[in-house]
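In the numbering used here, the protein residues as written are -4 to 912.
Glycine residues also receive a C-beta, built at the ideal position from the N, C-alpha and C atoms.
Keep in mind the model is a prediction, meaning the values are calculated, not measured.
Have a look at the structure below before the remarks.
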């Protein structure tokens, strides 16, 4: 079905086009015919990749291919145990990747859950329930409180109908609907009050509508289509690892070629030189790197889980660490998604209301000195209006929270009904006034309901020998119905001067993005004829005061935004709310700075992509936007080189969440769609959790650099040892099985222990890494080369010493060289803990896991030296105390020298440079 602007057309015209009588509905036969024509009312999926293809694709990764080649090499050398070990690592990595990708394919299934399973329709002049998937254009649907709208409807009749559309538009308040109004074509989704959209929820009243779109033609379907079109991209970590894999292969081939050619030129047998070249290739490939990186990310995931951040995709940990922009939805993410009264003005006196959310704990603080002792009487009357002119309920939920996620709110207090009325109930409760207590003595006898034309609501209570009218509504409308005002606890005439002052206060509160209501009352005689006498009931009211409410910012979000700023991360607020509201919240959160721009969805529509890209870095707030706008914003930021994180909770956020470099969904208020589309879920819906996740992401990336530094410098040391021994005409200092042993005993446990290394203190005061930054940036390659050379020289030195000490005994010389190589690497792992501080400054026990891992590696190495049945397998010789003194002295000397160099560089060399400049 082609796109039609149903909201801009008269309902009679639509009914005629759809050929349906709203009283009789479609016939069963006609509904069946249309179902065959348009298909089921469900969201279609893209053709899925089979699980087998997903599994096989895991083994096409370049690093995996390198590992498979290493397996073949080890098998060729007869080292079957090592070949099996490498193969197991490859399989485990492949399975981890498979489960991650397979789980990520579930977004469309989650979307289906939002669709109501059944719908109440009129067919054959009867009300019947049919499966929602069988609805067709032209069906007449009845809506009631609590229903999930089953398809896109053009409303025909409404009775106090309000629909909560925050999942689709981001608007926190329910939208009051009307079937008679016709709107312009280009009006936004949130302003189409004559429409009801699939997946939204009826919070109040009843309605009758005609189905105008089903399945993929609905607004929900359009979002599903956007999700399908989003292209998956490699994360920076994946790109770095692939780059590293290629670099290692080139390095290996170059070294092997030089060694083989050199040996042949020197007259060595070709076969022997081939074995030397193969052993060098095995030594150069850090076969544990992908597994270690995966384990490091998994450790990071566990740490984040304790902080209520749930990672769905392992690489997202690293990606979040280099985020430069966080695009956050306002409602429920930066704000509490709970309307809260913040201010009152009674007797021209400002009253601040404390407390958060729906919890009735809080205080009403009168600003300045009390001008009169009777203000409390006026305040009490205002609170009575708030409590009694109200149809909602404030309820304490005593159910136990059994999981990490809980729908709607983490507070035990909940509102049943309209959020605005809920805010008034909470206000009254903070003033110790509860409707339930009042109604034990006084009975409500009449109600004049709120509607969009009157913009007010009134109720009548019988109190003793009189009737009391309590009224709330738009301040200007209420004032028109008032003849008096409650002033200093007394009822006085409402003069023009007082009226203007009240309207001025109303404008001031509205300018602070507060939703303002006026409160009034009137006393009537017990015999007043209130039945069908609405106009007279609301005449001659007495005005009490103004109440200002808003969906307030989360207190912790303000601090989180500031921490993001310190970390060089820009926070951008994207919301469906009006511009004034968005600006006020953004200023309170300190997102909107003096020179920042605010754009609306309409302005975005009129702006070209080129213009948007030019100003994108100056925009901090986007208001009245749609899912398409959010996608444009994310794409524009990415085009400027940003790594973009996108937070969201509603269905409307899902496409942008999936398109972002890292999508973050809300665990409590988030829809399943957004959770399935995201890479990370905030279990507590707390914006500050993102800051903790950013810190952990940066720490994990630092730890991955530590792995690379440690593994490659050790492997470079092994390669150079074999390389220079060959060039110098020395016997092989290490046998192939000994090289593999070094890899296994030093590349495993110690490297994994680096994954739990604590972050440097200044980690959240650094700028984010550039997305294209090489993993070898900031001198990492130089450090690897220097330390690898030192390891090589130490190993060759001890090999030569052992060779001559043992009267050219290769068993002793190789055992000493092997042990020196192992201990050089185990000492080096402590150096790798920081690029700024030495191990003597950090302290050994700040990472007890590393101490334990090194101890285990030492124990394992001692076993192959001193266990008789292992000695012939590894060609080792039992070492004496004298041998150990030589080994420890040479191996430990490199760590002592490097620690001293760091200390001098940081504490003295920089001071000298500063003094000279």
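query: C-beta atoms of residue 661 and residue 651 nearer than 8 Å; result: no
query: Counterpart residues of residue 538 in DSSP-defined beta bridges; result: 480, 515
query: Delimiting residues of the beta strand (DSSP E) encompassing residue 467; result: 461 to 468
query: The alpha helix (DSSP H) enclosing residue 915, as first and last residue numbers; result: Outside the displayed range of the chain (-4 to 912) lies residue 915, so it cannot be described from this structure.
query: Of the listed residues 115, 117, 585, 54, nearest to residue 86 (C-alpha basis); result: 54
query: Residue nearest to residue 155 in terms of C-alpha spacing, selected from 446, 475, 820; result: 446
query: Contact between the region 600 to 614 and the region 569 to 580 (3+ Cβ pairs under 8 Å); result: no
query: Residue environment, residue 861, which counts as buried when at least 16 other CB atoms sit within 10 Å; result: exposed
query: Proximal residues to residue 305 (C-beta, below 6 Å), its chain only, five neighbours per side dropped; result: 676, 678
query: Residues bridged to residue 543 (per DSSP); result: 338, 511
query: Span of the beta strand (DSSP E), counted from its first residue to its last, around residue 833; result: Premise fails: residue 833 is in no beta strand (DSSP E) and is neither H nor E.
query: N-terminal and C-terminal residue of the beta strand (DSSP E) that residue 9 is part of; result: Residue 9 -> not in any beta strand (DSSP E); alpha helix (DSSP H) instead, spanning 6 to 13.
query: Alpha carbon of residue 179 to alpha carbon of residue 3, nearest angstrom; result: 5 Å
query: Beta-carbon spacing of residue 884, residue 819 below 8 Å; result: no
query: Span separating the alpha-carbon of residue 9 from that of residue 159; result: 25 Å
query: 8 Å contact criterion, which residue 337 and residue 543 should meet: CB distance rounded; result: 6 Å
query: Beta-carbon spacing of residue 374, residue 454 below 8 Å; result: no
query: Proximity winner among 853, 857, 851, 832, relative to residue 891 (alpha-carbon distances); result: 832
query: Status (buried if at least 16 other CB within 10 Å, exposed otherwise) for residue 882; result: buried
query: Distance between residue 82 and residue 866 (C-alpha atoms, nearest Å); result: 26 Å
query: First and last residue of the uninterrupted beta strand (DSSP E) at residue 504; result: Segment 491 to 505 is the alpha helix (DSSP H) holding residue 504; no beta strand (DSSP E) there.
query: Rounded distance between the beta-carbons of residue 463 and residue 516, thought under 8 Å; result: 6 Å
query: C-alpha distance - residue 437 paired with residue 457, whole-angstrom precision; result: 6 Å
query: Residue range of the alpha helix (DSSP H) that includes residue 920; result: The chain is shown only over -4 to 912; residue 920 falls outside these bounds and no answer can be derived.
query: Integer Cβ distance of residue 684 from residue 326, believed to fall under 8 Å; result: Residue 684 to residue 326, Cβ: 17 Å. No contact.
query: Among 119, 176, 181, 198, nearest to residue 138 - alpha-carbon criterion; result: 198
query: Opposing strand residues paired with residue 135 [DSSP bridges]; result: 117, 205
query: Residue 857 classed as buried or exposed, judged by whether at least 16 other C-beta atoms fall within 10 angstroms; result: exposed
query: Beta-carbon proximity of residue 759 to residue 505, cut-off 8 Å; result: no
query: Three-state secondary structure assigned by DSSP to residue 563; result: coil
query: Coarse secondary structure for residue 193, derived from DSSP in three states; result: coil
query: Where residue 596 sits in the DSSP three-state scheme; result: helix
query: Collapsed DSSP secondary structure at residue 896 in the structure displayed; result: helix
query: Residue 772 burial status per 10 Å Cβ neighbour count (16 or more: buried); result: exposed
query: Alpha-carbon spacing of residue 443 relative to residue 530, whole angstroms; result: 10 Å
query: Environment of residue 705 [buried if 16+ CB atoms lie within 10 Å]; result: buried
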